[in-house]
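Undergrad: Numbering (our numbering), first residue to last: -4 to 495.
After the structure tokens below, expect a handful of questions from me.
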Amino acid sequence: MIEELTSLAPGQQIIYGGNRVTQVPPDLAASFSSGDRLVVVNDTGALLHIPASEWAVATQAVGRAHEAFLALGAVSDEMVSEFFRAFADRLEDDGTFAEIKSANDRDVEAARARGRSTTRLVLSDTMRADMVAGLRMWGDVESSRDQVLETIDHGDWKVEQRLAGLGVVGFVFEGRPNVFADACGVLRSGNAVVFRIGSDALGTAQAIVEKALDPALAEAGLPAGAASLVNSAARSAGYAMFSDQRLALAVARGSGPAVAQLGAVARQAGVPVSLHGTGGAWVVASKHADPNRLELVVRHSLDRKVCNTVNTVAVTRDAAADLIPRVLAGLDSAASSLGSSGKVHVVSGSAAFLGEEPFERLVSIGRAEGEVEERYAELIDDDQLGFEWEWEDSPEITLVVVDSVADAVDRFNTQSPRFAASLVSEDSAEQEAFWSSIDAPFVGDGFTRWVDGQYALDRPELGLSNWQFGRLFSRGGVLSGDSVFTVRSRVHQSDPDLHR
């Protein structure tokens, strides 16, 4: 007999992973009520509490999106295009945008008061322009809905393989308002979307929905729930949303641990996932590197902190004396352009190439909580080589001296999230060997910030996948609106007496 869980007791044992046990802490036992839900993460034993109210908010939003998806089949491609244009028009309207910007200003002020990072939260003029450009691109791009991929002609009958929408795509992402608009790109390929945005940006998201998104859906004649916001600041609402088996795909963006946990929740519910968490690009430089090029590569890869910012720089031992000063010059130049000082984390064993002075010098570093004095250079252990530094206005990198390019590749393949890598070298054979051996979806020979769907592929991205959890089946590392689809088979039979 199946019974409903109505309460928890302090110390109560919970089995997870088949043969492991965790215990209910007192605070969870005290807060758990009848109607609430408990999710046990099989990977870690984490106990995730979903209050009944948050479950209702999330499942209601998914329900609206699911109903809308079933209705989208009757919507024309031109109506979808009109939605994107109408959405862009409202963001371009100064009066409408002023109200959205006002909400964003309040979000930014509240986040700063809590000591939170705001580098990705601010809805700047550049971010606004990128959102508008992305929406207009989706409005103009040719629709892939119901596109015939292949026809197999058997004479008396034929089979068509056609593209079709996947279903309801669920997004949980950090407080970046532009992702909110990018995620609507899945409507282009016939999907519906439901979002849950980080608490820091919820006010901004609510204003975008009220002032631009919902009016654009209505104007274009699309179902009201085709793009739905989970109107909650609680993380548990994200757990509830990713537990909903009506999702066809769960997409998570944000910090590595949070994304991994959300992915585990979705997998346990049987929902396919696309995770976009840990980032941090690597730059490798050999004795064949042009020092001027290396300095510029570092500088232009550190203009702001996002997933494709350079995080780790590896230089070969035979060129370290010449190249390390240029790496630091690039770091300092990037920091100067941001009105700040940089910081370098030096892997143990590589310090001798810098001398003592960088490890003694104090600089002012901008943190989320304000300016603090820290050493310009600090030692870290080798096992921190792949750690992603999250910085505000003071760029930070890890520096390591390696025996060879092959050594750097081996370290990347085993210690990084396997995301983006660049080799600065004028040797074409070395570049080919690097491309063949590096286990990353994004590989280059210059600055790392090119890794972006809209910048590189003219497709606003929903996320950039690393290979931390393995390579992706049948799609690239850039997840965009028109790459979320399935394939349907349609038969046309001309002979009514057809028989197997």
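Heads up, the beta-carbon is just placed ideally off N, CA and C, and yes, glycines get one too.
Using only alpha-carbon positions, find the residue among Gln379, Asp422, Val396, Thr393 that is nearest to Thr409.
TA: Gln379
Undergrad: First and last residue of the alpha helix (DSSP H) that includes Asp327?
TA: 315 to 332
Undergrad: Is the Cβ-Cβ distance between Ser139 and Asp477 less than 8 Å?
TA: yes
Undergrad: Per DSSP, what kind of secondary structure is Leu257 in: helix, strand or coil?
TA: helix
Undergrad: Taking just the CA atoms, how far does Ile95 sit from Ile203?
TA: Cα-Cα distance, rounded: 6 Å.
Undergrad: For Leu452, which three-state DSSP category applies?
TA: helix
Undergrad: Name the one or two DSSP bridge partners that Arg32 has.
TA: Ile45
Undergrad: Can you give the Cα-Cα distance for Ser343 and Asn14, rounded to whole angstroms?
TA: 39 Å
Undergrad: Is there contact between the stretch 179 to 187 and the stretch 56 to 66, where contact requires at least three CB pairs shorter than 8 Å?
TA: yes
Undergrad: Going by alpha carbons, who is nearest to Arg370 out of Asp376, Pro353, Trp386, Val143?
TA: Pro353
Undergrad: Based on Cα-Cα distance, which residue from Ala222, Gly337, Ala228 lies nearest to Gly58?
TA: Nearest of Ala222, Gly337, Ala228 to Gly58, Cα basis: Ala222.
Undergrad: Suppose contacts are defined by Cβ-Cβ distances below 8 Å. Is Arg248 in contact with Val174 by that definition?
TA: yes
Undergrad: Taking Leu297 and Thr304 to be in contact with their CB atoms under 8 Å, please state how far apart those CB atoms are, rounded to whole angstroms.
TA: With a beta-carbon spacing of about 6 Å, Leu297 and Thr304 fall inside the 8 Å limit used to define contacts.
Undergrad: Where does Ala232 fall in DSSP's three states?
TA: Correct three-state label for Ala232: helix.
Undergrad: Once DSSP output is grouped into helix, strand and coil, what is the label at Arg483?
TA: strand
Undergrad: To which residues of the same chain is Gln256 closer than 7 Å at the C-beta, ignoring the five residues directly before and after it?
TA: Val36, Ala41
Undergrad: Would DSSP call Thr311 helix, strand or coil?
TA: strand
Undergrad: Note down the Cα distance separating Ser71 from Ala243, rounded to an integer number of angstroms.
TA: 22 Å
Undergrad: Using a Cβ-Cβ cutoff of less than 7 Å, which residues in the same chain neighbour Met74 once the five nearest sequence positions on both sides are dropped?
TA: Ala215, Gly216, Leu217
Undergrad: Going straight from the alpha carbon of Glu427 to that of Leu289, what length do you get?
TA: If I take the Cα positions, the gap works out to 18 Å.
Undergrad: Between the Cα of Gly472 and the Cα atoms of Phe442, Val438, Ile147, which residue gives the shortest distance?
TA: Val438
Undergrad: Starting from Gln18, follow the beta strand (DSSP E) in both directions and report where the run begins and ends.
TA: 15 to 18
Undergrad: Buried or exposed, going by whether 16 or more other CB atoms sit within 10 Å of the CB of Ala219?
TA: Ala219 is exposed by the Cβ-count criterion.
Undergrad: Distance, Cα to Cα, Ala401 vs Phe429?
TA: 8 Å
Undergrad: What whole-angstrom Cβ distance do Val246 and Leu0 have, given they're in contact under 8 Å?
TA: Going by Cβ atoms, the distance from Val246 to Leu0 rounds to 29 Å, so no, they are not a contact pair.
Undergrad: Out of Leu3, Leu418, Gln18, state which residue places its alpha-carbon closest to the alpha-carbon of His283.
TA: Leu418
Undergrad: So, Ile375 versus Leu326, is the Cβ gap smaller than 8 Å?
TA: It is not a contact, given that the beta carbons lie outside the stated cut-off.
Undergrad: Is Leu224 helix, strand or coil by DSSP?
TA: strand
Undergrad: To the nearest angstrom, how far is the alpha carbon of Val127 from that of Pro210?
TA: 16 Å
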